[in-house]
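Novice: For the sequence shown, position 188 matches number 188 in UniProt numbering, and the numbering has no gaps at all. For glycine and all other residues, C-beta sits at the position ideal for the given N, C-alpha and C. These numbers come from a predicted model, not from an experiment. Take a look at this one; I'll ask things after.
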Amino acid sequence: MAFKLLCLLVLISFSSIYAQENECNLNNFRTSGLVPNQIPTVPEHPMKIEYNGVSVTCGNLLSTKETQNPPTIVEYKADKNKLYTLLMFDPDVPTPQNPTLADFRHWLVENIPGDDVKSGDVISSYHPTAPPSYSDAHRYAFAVYEQPDGKKLDDPYEPNNRTHFDHKKFIEDRNLHGPIAGNFFYCHG
């Protein structure tokens with residue numbers, strides 16, 4: 001009986017440590033400068049983002065190798081009867097000290113039912129992270145916005161190119177609400 005109790009305590013300890021390591025502190029959006037510079041407000045909820053088992057935890061460091069393909073898990077608190085827009089962008093192009101090409105749009109999906117990203121309309125396919133080797137680490141942010149009245153956006157957004165993406169103007173033009181969820185990581189070349 002004592003052995004079972006000891007095993008249970010060890011399991012609970014490891015579970016607690018794992019949960020703490022994979023927890024997203026949304027206040028990191030402010031300390032990173034993403035809020036208010038790129039995102040108007042701190043997201044309401046964290047997003048669960050994983051790249052082949054590697055979790056994104058609101059400011060951890062991932063490698064370009066880990067982020068070459070789209071995330072394998074994208075989950076967030078959503079109403080399955082509403083539609084959402086997912087945006088991933090890099091505000092630090094070409095360098096955080098000189099972001100003359102920012103924001104770089106890495107991924108844009110509209111008309112997502114609930115958190116079923118695969119069922120949304122891909123406007124900009126996933127573009128791998130690629131910060132230059134001479135640069136400090138870049139921030140890569142994910143933000144989910146609720147679409148107005150939960151309605152499908154029928155007027156397709158026509159992106160010209162991925163650089164100089166005006167995130168705030170896009171939110172305003174599309175009348176998006178939120179962000180209702182978010183997460184971000186750092187990456188350097």
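Can you tell me the Cα-Cα spacing of H127 and D92, whole angstroms?
Specialist: Their Cα atoms are separated by approximately 15 Å.
Novice: Counting Cβ pairs closer than 8 Å, one from the region 40–51 and one from the region 70–80, do we hit at least three?
Specialist: Touching, per the Cβ criterion.
Novice: Rounded to whole angstroms, how far is the Cβ of L61 from the Cβ of F185, which I believe are closer than 8 Å?
Specialist: Their Cβ separation, rounded to whole angstroms, is 7 Å, which keeps L61 and F185 in contact under 8 Å.
Novice: Check this for me: beta carbons of H106 and Y76, under 9 Å apart or not?
Specialist: Not closer than 9 Å, so no.
Novice: Distance check for V117 and L108, CA to CA, integer angstroms please.
Specialist: When rounded, the distance between both Cα atoms is 10 Å.
Novice: Over what stretch of residues does the beta strand (DSSP E) that includes P179 continue unbroken?
Specialist: Looking at the DSSP string, the run of the beta strand (DSSP E) that includes P179 is 177–187.
Novice: Are the beta-carbon atoms of A137 and H177 separated by less than 9 Å?
Specialist: Cβ atoms of A137 and H177: not closer than 9 Å.
Novice: Taking only the alpha-carbon atoms, compute the straight-line gap between P131 and D166 and give it to the nearest angstrom.
Specialist: The alpha-carbon atoms of P131 and D166 are separated by roughly 19 Å.
Novice: Roughly how many angstroms separate the alpha carbons of A102 and K82, rounded to a whole number?
Specialist: Cα to Cα, A102 sits roughly 30 Å from K82.
Novice: By the DSSP assignment, the beta strand (DSSP E) with V117 in it spans what residues?
Specialist: Counting along the chain, V117 falls outside any beta strand (DSSP E), and DSSP gives it neither H nor E.
Novice: Where does R30 sit, in a helix, a strand or coil, going by DSSP?
Specialist: Residue state, collapsed to three classes: helix.
Novice: Taking C-alpha atoms, which residue in S119, N160, E110, V35 lies nearest to Q147?
Specialist: Checked all of S119, N160, E110, V35; the closest Cα to Q147 is E110.
Novice: Who are the Cβ neighbours of K152 in its own chain at under 7 Å, not counting the five residues just before and after it?
Specialist: Correct list, in chain order: L83, N111.
Novice: Per DSSP, which one or two residues make a beta bridge with L87?
Specialist: L108, A143.
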